[in-house]
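Beneath this line is the structure, given in structure tokens, with notes to follow.
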Amino acid sequence: MCPYGTHWRNIRRFANSEIFSSAQLQMTSRIRAEEVRYLVKKLFGIGNPKVEVKLLFAFLTFNIMMKMVSGERYFEGDELESEKGKFELSDFKRTFSPPGRPGVVDMFPVLKFVSSVIRDVKNKRLKTKREAFVQNMIVKHRRKKRSFSNTEEGDEKRKNIIDVMLLLQESEEFYTDDIIKAIIKVMLIGGTGTTITTLEAAVSFLILHPDEFNKARDEIDSNVGQTRLMDDSDLSKLKYLNCIVNETLRLGPTVQLNTLHESSRDCFVQGFSVPSGTMLIVNTWALHNDPQLWHDPTQFKPERFNGVDGEKVGFKFVPFGSGRRVCPGESLARRFIALALGTLIQCFDWEKAEENYEKGGNGSGNGNARKIEKEKLMEVIFRPRGALMDTLVEL
69 MCPYGTHWRN
79 IRRFANSEIF
89 SSAQLQMTSR
99 IRAEEVRYLV
109 KKLFGIGNPK
119 VEVKLLFAFL
129 TFNIMMKMVS
139 GERYFEGDEL
149 ESEKGKFELS
159 DFKRTFSPPG
169 RPGVVDMFPV
179 LKFVSSVIRD
189 VKNKRLKTKR
199 EAFVQNMIVK
209 HRRKKRSFSN
219 TEEGDEKRKN
229 IIDVMLLLQE
239 SEEFYTDDII
249 KAIIKVMLIG
259 GTGTTITTLE
269 AAVSFLILHP
279 DEFNKARDEI
289 DSNVGQTRLM
299 DDSDLSKLKY
309 LNCIVNETLR
319 LGPTVQLNTL
329 HESSRDCFVQ
339 GFSVPSGTML
349 IVNTWALHND
359 PQLWHDPTQF
369 KPERFNGVDG
379 EKVGFKFVPF
389 GSGRRVCPGE
399 SLARRFIALA
409 LGTLIQCFDW
419 EKAEENYEKG
429 GNGSGNGNAR
439 KIEKEKLMEV
449 IFRPRGALMD
459 TLVEL
């Protein structure tokens with residue numbers, strides 16, 4: 069969000085080279101595979117196969133981000149079945165959430181002052197807790213005094229973002245502790261909430277559209293088989309699975325208004341005068357639901373992306389933004405979402421928990437995707453798939 073300049077370029081360069089480059093994504097593929105398998109193992113082993121979808125993906129996403137940042141997971145998986153786990157997750161999410169957004173009370177001047185005071189106190193408390201958590205991670209890694217070499221072991225350690233930044237700190241003044249903490253917080257805030265929401269939406273859509281679910285499973289069986297679990301190297305062959313991810317990103321509620329932009333000079337756009345310095349907001353939801361750009365825009369139809377890479381559709385499909393400030397984590401998000409979703413499709417039969425579910429559309433699986441009551445789809449039953457039983461037992 070900082071203005072374009074040397075500071076922004078330094079941070080962007082670090083993100084592109086040390087976190088989201090093709091080489092780094094390949095190196096961290098093991099982390100994603102390990103955590104997805106770890107979650108599958110936990111799902112396979114728990115006594116009650118009914119789980120809260122948001123809870124499931126929150127544990128998975130936070131663990132992957134924490135392992136990329138610090139080399140250690142935050143949750144161990146037993147929390148999936150405990151109220152304590154829900155409390156720990158809630159506390160962790162509150163700590164690493166954006167500052168409070170405007171609420172209804174902001175519309176009433178009488179309550180606005182009281183609300184702002186309460187919000188300021190709450191945000192200050194969360195900021196203190198967040199700063200302490202991140203600072204402790206840095207101190208812990210600094211104490212280890214790790215040194216990187218050109219050996220294979222050194223390359224393995226470089227997967228840890230904190231250690232990479234501490235190494236750079238020795239030679240570059242830019243990487244202060246404040247910069248390191250800021251990058252860590254962006255990873256834990258920006259890289260988690262949107263991913264969790266997208267995965268939750270994908271499960272909602274596939275529960276309502278069993279034909280699409282079966283097409284994805286058949287594709288995985290054809291290209292991966294039933295004797296091993298899929299991994300990153302399989303994703304390029306799973307075209308329909310990637311179509312499902314794209315269609316979820318199009319229909320899903322992840323980002324309805326894109327990142328703020330500012331016009332750099334006076335210009336005219338379709339007859340409208342846009343002065344230099346004007347704050348611009350792109351309505352992503354409107355683009356993704358425009359009937360002039362999409363056929364049946366409210367319908368969940370993954371096949372609309374067949375033969376087309378999502379990022380090449382043009383400006384009518386911009387779930388990660390575009391231009392200089394496009395989300396640098398797009399490649400990571402796509403790989404992670406496809407791997408997690410595909411593995412669950414491969415390993416489990418999904419069943420809606422009736423008491424927490426409300427059908428969308430006409431109930432036939434072909435209804436209007438916009439009518440999905442996502443908040444009602446809180447719990448899903450993941451039953452181990454018979455064809456994968458031997459593979460699951462070996463986890």
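Numbering (the working numbering), first residue to last: 69 to 463.
Even glycine gets a Cβ: it sits at the ideal position worked out from N, Cα and C.
Note that the structure is predicted; figures quoted are calculated from it, not measured.
A straight-line Cα-Cα distance of about 7 angstroms links L319 and T366.
For F450, the enclosing beta strand (DSSP E) starts and ends at 447-452. Taken through DSSP and simplified to helix, strand or coil, L325 comes out as strand. Residue state for L236 is assigned as helix, using DSSP reduced to three classes.
Here L107 carries a helix assignment [DSSP, helix/strand/coil]. Taking a C-beta distance under 9 angstroms as the contact criterion, W353 and Q324 qualify as a contact pair.
T411 and C335 have their alpha carbons spaced roughly 48 angstroms apart.
Of the candidates V342, M133, A270, A270 places its Cα closest to the Cα of I312. Straight through space, the alpha carbons of W418 and V350 are spaced by roughly 36 angstroms. Only residues of its own chain outside the window of five on either side were considered, and among them S331, C335 have a CB closer than 6 angstroms to the CB of V342, listed in chain order. Where D286 is concerned, there is no enclosing beta strand (DSSP E), although the alpha helix (DSSP H) around it starts and stops at 278-291. For E315, the enclosing alpha helix (DSSP H) starts and ends at 307-319. When DSSP states are grouped into helix, strand and coil, C335 belongs to the strand group. The C-alpha of T295 is placed about 43 angstroms away from the C-alpha of D358. For H209, the CB contacts under 8 angstroms within the same chain, skipping 5 residues up- and downstream, are S138, N228, I230, D231, L234 in chain order. In this structure, the straight-line span from the alpha carbon of T346 to that of I114 is close to 54 angstroms.
Distances from the alpha-carbon of F130 to those of L107, P452, P117 put L107 closest.
Annotation for V202: K249, I252, K253 place their beta carbon closer than 7 angstroms to its own, counting only its chain and skipping 5 residues before and after.
In chain order, V232 place their CB closer than 6 angstroms to the CB of E86, counting only its own chain and leaving out the 5 sequence neighbours on each side. Taking a contact as a CB-CB distance under 8 angstroms, the pair K118 and I413 does not count as one, their CB atoms being some 18 angstroms apart. The C-beta of S304 has fewer than 16 other C-beta atoms within 10 Å across all chains shown, which makes the residue exposed.
In the DSSP annotation of this structure, the continuous segment of the alpha helix (DSSP H) that includes V254 starts and ends at 245-258.
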